[in-house]
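Only one structure is covered here, and it is reproduced in the block below.
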Amino acid sequence: MAKEISIVIVLVIVALALTAMVVGWRARKRRQSHIAAPLAPPADLDDTDLRFSGKYVATTVAGDQLNRINVHGLGFRANCLLEVHPEGIVVSRAGSPDLWLSRSDVRGITRATWTIDRVVESNGLQVIEWNLDDTAVDSYFRMDDPETCERALDSVVGNERQSQ
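Here it is in structure tokens:
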């Protein structure tokens, strides 16, 4: 009998924890509902050979690596492909609509060691700092060929190297 009571108590605690996580996720989405949806890539972009595969890790409020953006599908990790164009960057994420980061919206390219729920070797994450309408955000990527990708991104946005 005591064993069954212990099992019920553990199951209730697990159910409460899962409920709290869902409620917290929804509350964050409500708090961020003012954030505009990202733009889709323009249809008239020329083809590019500057394509880089990797992992999309997260998008956070600029300068706040623990404040994940949860709206518009930006809160989920995914395999990604970055396409670098003279006009901007296309971010294709598995299971989510493509994002368009126009050259005028990109504030800089940096490196980081950590962000929300991800820690890697020193400067192992690439960060694209950009403006999502009137909200400054940072998007984190773990690229398969980070040095080549970084050079391509730098050539488009003109950048001074920084790290966090």
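Per full-length UniProt numbering, residue 1 is the first one in the sequence shown, and the count goes up by one each step.
Each residue gets a CB set at the ideal place from its N, CA and C atoms; glycine is no exception.
Just so we're clear, the structure is a prediction, and the values are computed from it rather than from any experiment.
Please report the distance separating the alpha-carbon of residue i from that of residue j.
i: Gln-162; j: Leu-16; result: Bear in mind that a pLDDT of 49 at Gln-162, under 50, signals an unreliable position, so the model cannot answer this.
i: Ile-109; j: Leu-101; result: 12 Å
i: Met-1; j: Ala-27; result: 39 Å
i: Asn-79; j: Arg-30; result: 26 Å
i: Gln-164; j: Arg-111; result: Residue placement at Gln-164 is flagged as unreliable, the pLDDT there being 46, under the threshold of 50; the coordinate-derived value follows with that caveat. Their backbone Cα atoms lie some 6 Å apart in a straight line.
i: Gly-95; j: Pro-86; result: 26 Å
i: Ser-155; j: Leu-45; result: 18 Å
i: Ala-37; j: Ile-13; result: 36 Å
i: Asn-70; j: Lys-3; result: 40 Å
i: Pro-42; j: Leu-66; result: 31 Å
Could you tell me how far apart the beta carbons of residue i and residue j are, in whole angstroms, since I believe they sit closer than 8 Å?
i: Thr-148; j: Phe-52; result: 7 Å
i: Val-22; j: Thr-48; result: Not quite, the Cβ-Cβ distance comes to about 40 Å (not below 8 Å), so this is no contact.
i: Tyr-140; j: Leu-125; result: 5 Å
Does residue i pass the burial test, meaning 16 or more other C-beta atoms within 10 Å, or should it be called exposed?
i: Val-8; result: exposed
i: Thr-59; result: buried
i: Trp-25; result: exposed
i: Leu-132; result: buried
i: Glu-150; result: buried
i: Glu-129; result: buried
i: Leu-18; result: exposed
i: Asp-105; result: buried
i: Ile-5; result: exposed
What three-state label does DSSP hand residue i in the structure shown?
i: Leu-99; result: strand
i: Glu-147; result: helix
i: Asp-138; result: strand
i: Gln-162; result: For Gln-162, the pLDDT reaches just 49, beneath the cut-off of 50, and the residue's location in the model is therefore unreliable, leaving the point undetermined.
i: Glu-4; result: helix
i: Ser-155; result: helix
i: Val-12; result: helix
i: Ala-94; result: coil
i: Gly-54; result: strand
i: Gly-73; result: helix
For residue i, report the span of its alpha helix (DSSP H) as first-last.
i: Leu-45; result: Note, Leu-45: premise wrong, no alpha helix (DSSP H); not H, not E.
I'd like the span of the beta strand (DSSP E) that includes residue i, first residue to last.
i: Leu-125; result: 125-132
i: Asn-79; result: 78-85
i: Ala-112; result: 106-112
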